[in-house]
Structure formats: structure tokens, C-alpha cells
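Below is one structure, written out as C-alpha cells, with a few remarks after it.
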Amino acid sequence: MADNAQGWTSSPDGRGSMDIIFSSLATFGLCSWSVICVNIPPPHTSYYMNIFRKVWLTLICLLGPEFTLVAAMGQWHSARRTLRAFNRKGLEPWSLRHAFCAEMGFWWAETRDNVRWPLNGKALVYLMENEHIDPNSRRELHISKEAIDDLNKYDGFARTLAQAQSAWFTINCLARFAQGLPITTLELTVLAFFVPALGIVFFWKDKPSDIHTTRTLRLSSTVEELRQIALAQGHIRTSEPWFETPLDFVARDEWHGSLIYTYWLNTPLFAFGRKMFLGADGSAKPIISMSDMALPPLSLGLEFVEAAFSVPFLGINFVAWFWHFPTPVEQWLWRISSLALCFTFGLGCLAHFLCYLWHPIEKAQAEARQQRAAEKKSWWTKLAVRLRNNSPNDDPDLDVPLRILLPGLPLMLLYVVCRLYIFVEDGLAFRSQPSGVYESIDWMQYLPHIG
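According to my numbering, the sequence shown holds residues 388 to 838 in order.
Shown next as C-alpha cells:
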């Protein structure tokens, strides 16, 4: 317990508690809101529902910015793959912005039997390669970058303001460190958030935002004809149903991380939040929008890049290891939470690496389908089938191997609890802060002296 600690402090003679809280929360909120780029919403979505949708994604980003970073990196990786595929097809030169439009559901497919659904880049490439798109409808693929920019409602002013505020916030904290003045754990939490936020901004810099219009590609086939062709090509089996779109066999791209993340988002608390903010439970068939919370797979190189952002984000909490806290218990809880966050990240990376080597996703999904299809199931198999899937429509592609689910869920819960404690302690710590926290920076030290 510091001898010069003080509680809530007003601000007439310097910066006070409310000044710190307002500056930190304003920067935190503005930064997290401005980095989010939502996909194209379902048709006829109201203005207020679009706002709720972005609020929900912002809350997810605040709680776990590493997951938003993985989503941004995965979409960037998928967009680059789509861009290469389309340029090989000899279309008018596409940009990465075109490819992002493809990944976020800008183009919809409509079959001859009037079934409609949004396409991602892989599905769009498949339809072109197999000449399923009606020749008269192919002109819908041609759109200039300038036309996309006109549709883009990306708020450049808000992002510029957020970047300026973040830079000023960082300069203030660095100046305090340089002058030996302490900062609060709340300010440290905001500084940590800037690390993954930089990555999110970079990987989404070419992604349009808040586009509400779509283009429809008429197909020359019915859904049944599409499935029969896929059967002849060996993509599906005769009895295999589809759950998201008739092109599930090419459009889906699940991996172990996306399975456990989706399972966590389908737990009652998060499912309630999704229903409240998004007005949907994820059971629409076919889907009516591309999910904003999907985690596309990353290349090995991008996984190392993601780790380069996540490690300093999680590790910055150790800066406060010997800082003053209102009680020793709170100090130890902060230390334990900091260690636990790094532990969950490290163990998650190790589990992903081991699964990649010895239990790839294709093998895991094949085993799950065999257990589902078994005519005689033991009580353990029946329980396993029920446990490994909590999707609203029991989508078998979302079956989570129990060897991933059983350790993964407690780790996810531990992560959420520790992140929430960090936020709670950021507020509770204002009961007792070192007096230096409320001293103002002497900016005159950095001005040149004359004479």
C-alpha cells in the first residue's frame, strides 16, 4: 500500500479521476467503433438494427480484439485468394476492394427455382469455373472501383479522429513515463488495445464499410441441378444435405479455431446477445448474409503475424505487476489474470499446432459424420454427438471434436473471466491511486529554451 495513495480526485487543479476515465473510455470506444467493418446486412434490415449490429461487434472486439484481428486477417487472406482467381479468369482488372466485396456478400445467386443466397469468393469462383451463371447476368460482375467507392459509407472522418485521439493518448502516456509519472491500469488497458487495433486497421483498409446494396447473378441451374453436378464431380455424397447454402461443399472453410469459436458464440449468453443485437439466431436456410463473426483460416505466415500482435497485447499487462493496487488481493488477481491470459493463448496455439499435424479438420469431420451415421450408438456416442454441436440447426460441419471441446471451453471461459476482471479492476482501482497519477505533464520540458 503506497503512503501517498489517494481516492477519487476532482479536477480543478489538474487532471482528476473523471478526466482520466472520460479520456480513456472515449478513446477506447472511438477506436473500437472505427476499426469495425461489417459485412453487407440481410435485406430490409432497418437503420437501427444496423447500429445494434455494429454495437454487438464492437463489444466482441472490446472483449477479445485478437478474435476480431483473426477475422480481419482471414478475410484479407480470402480476398487475396479470390483476387488471384478472378484475375486468372480475365475479368476487367479487379482490385482488393472488389475481392472484399465478394467475401462480404455483395453478389447473390438466384437459381431457376428462385432460391437466393449471398456468395463468398470461393462460391463465386466455382460458379464461374463451371459456367453456372447465366450469360446475360455476367455483366453484374463488372463494377468499377469508383462505383464501389460511391457505395462505400466508410466514415473516414471517424477513423481519422480515432487515429488522432489514439496517437495523442499514446504520446501523453509516453510523456508521463518519461517524467516518472504513473498512469492507471485503465490507461494501460487502452494502450494494449491499440496493438491489435493497428493490425485490424491494416488488414481491413481495403474493405468497404456499411454497403447495403447487392447485385444478383441469375444461375442457369436449379438447386437440384447444382447438387447433381456437384455429386458427379465428387464434391458431395448422395444423401448429404446442405445447411447454409447449396454450395456448402465449396463455400465452407472451417478449421479447429472457427469450430470452437462458433461453439462459444452459440452458448446461451452469447446467443442471447446475438438475438438481441442482430435479431437472428443463425438458423436461416439458406443464409441471408455473410457472418461478421466467422473466422476464416489463416496461412502459416499469417498465424505468426497474428501472434506478433497478440503477444504484446496480452503481455503489456505485466507492466503493472508491481504497480500500486487498492488491496494486495486485487494486485494478485491482476497478476493471475495476466498470467492466465497468456496461458490460454499459448495453450491454444499449441493445441492448434498439434491438431494441424495429427488431427486435421478433414479427419475430425469425417469421424463426426461416421458417429452420426452409425445405426447403433452406445450411450457415450449419443452423448458425444449431442455435446459436440450446439448450432441452431445442428449443422454437422460445426461438430467440434471432444478432444478440442472439453479443454477448449474451460480455456475460453477462463479467458473471458480474466478479461472481464481486467475491466472491473480498471474501475475499482480508482478507490486508491498514487498521487502522481493526478499530476499533470510538464510540457515545457520539451520546448526549446532560448538564451
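Glycine is no exception: its CB is placed at the ideal position from the N, C-alpha and C atoms.
Work out the CA separation of residue j and residue i for me, nearest whole Å.
i: residue 422; j: residue 768; result: 44 Å
i: residue 506; j: residue 802; result: 33 Å
i: residue 504; j: residue 424; result: 21 Å
i: residue 700; j: residue 728; result: 10 Å
i: residue 575; j: residue 566; result: 17 Å
i: residue 441; j: residue 420; result: 8 Å
i: residue 721; j: residue 714; result: 11 Å
i: residue 580; j: residue 712; result: 21 Å
i: residue 636; j: residue 509; result: 10 Å
i: residue 594; j: residue 716; result: 45 Å
i: residue 831; j: residue 551; result: 22 Å
i: residue 870; j: residue 778; result: Only positions 388 to 838 of the chain appear in the structure, and residue 870 is not among them; the question remains open.
i: residue 515; j: residue 544; result: 38 Å
i: residue 482; j: residue 471; result: 10 Å
i: residue 807; j: residue 488; result: 35 Å
i: residue 642; j: residue 562; result: 44 Å
i: residue 468; j: residue 557; result: 36 Å
i: residue 618; j: residue 517; result: 13 Å
i: residue 476; j: residue 589; result: 28 Å
i: residue 564; j: residue 742; result: 43 Å
i: residue 838; j: residue 537; result: Per-residue confidence for residue 838 stands at a pLDDT of 49, beneath the threshold of 50, marking its modelled position as unreliable; the derived number appears in the next sentence. Their backbone Cα atoms lie some 56 Å apart in a straight line.
i: residue 672; j: residue 662; result: 17 Å
i: residue 770; j: residue 756; result: 14 Å
i: residue 417; j: residue 621; result: 49 Å
i: residue 513; j: residue 614; result: 13 Å
i: residue 658; j: residue 651; result: 9 Å
Considering only the beta carbon of each residue, do residue i and residue j sit closer than 8 Å?
i: residue 500; j: residue 609; result: yes
i: residue 497; j: residue 462; result: no
i: residue 548; j: residue 407; result: no
i: residue 776; j: residue 630; result: no
i: residue 587; j: residue 455; result: yes
i: residue 484; j: residue 427; result: no
i: residue 786; j: residue 639; result: no
i: residue 703; j: residue 578; result: yes
i: residue 685; j: residue 464; result: yes
i: residue 493; j: residue 601; result: yes
i: residue 697; j: residue 453; result: yes
i: residue 731; j: residue 553; result: no
i: residue 821; j: residue 391; result: yes
i: residue 529; j: residue 607; result: no
i: residue 604; j: residue 524; result: yes
Is residue i buried or exposed, if buried means 16 or more other CB atoms sit within 10 Å of its CB?
i: residue 435; result: exposed
i: residue 395; result: exposed
i: residue 765; result: exposed
i: residue 804; result: exposed
i: residue 813; result: buried
i: residue 459; result: buried
i: residue 624; result: exposed
i: residue 655; result: exposed
i: residue 633; result: buried
i: residue 816; result: buried
i: residue 486; result: buried
i: residue 773; result: exposed
i: residue 466; result: buried
i: residue 751; result: buried
Per DSSP, which one or two residues make a beta bridge with residue i?
i: residue 603; result: 495
i: residue 534; result: Note: residue 534 sits in no beta bridge, so no partner.
i: residue 520; result: 606
i: residue 504; result: 496
i: residue 821; result: 392
Are any of the Cβ atoms in chain C nearer than 8 Å to that of residue i?
i: residue 527; result: No chain C appears in this structure, which consists of one protein chain only.
Legend entry - Cβ contact (3+ pairs, closer than 8 Å) linking the stretch 677-697 and the stretch 820-832: no
Inset, instruction - Please determine if the stretch 785-800 and the stretch 731-748 are in contact, where contact requires at least 3 C-beta pairs separated by less than 8 Å. - result: yes
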